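Positions 74 to 157 (our numbering) are the ones given, in order, by the sequence shown. The block underneath contains the structure these notes are about, expressed in structure tokens.
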Amino acid sequence: MKKPQSARAFPSSVPLVFPAIFAVLLVMFALHSFAFTRSEDELMRADVQEAKARARDFRAQQERAAKAEAERETAANEIKAERA
């Protein structure tokens with residue numbers, strides 16, 4: 074038996090529109106979250122690499138300063154020995 078026309082609240086395609094829109098938005102959000110997470114990971118890796126490079130540079134600078142100080146002390150001791 075056919076239902077009367079007044080019994081339908083929406084045309085037949087309307088109830089499918091809202092879940093379709095929701096599904097599209099959900100997929101877009103998931104893709105955006107995945108892309109954002111990957112970029113965060115890459116930024117963290119870059120920060121770690123930069124920190125390691127700064128630590129290497131700092132250690133090298135400390136070694137150069139210690140070597141220069143030792144050379145200055147050696148030169149000062151040689152000058153004192155020549156004067157004595």
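Just so it is clear, CB atoms sit at the ideal spot from N, CA and C, and this is done for glycine as well. Fair warning: this is a prediction, and the values are worked out from it, not measured in the lab.
Run through DSSP, which three-state label would residue i get?
i	result
A141	helix
A119	helix
A128	helix
A96	helix
A157	coil
Please report whether the beta-carbon of residue i lies at a distance below 8 Å from any beta-carbon of chain B.
i	result
A103	Among the chains of the structure shown, chain B does not appear; only one protein chain is present.
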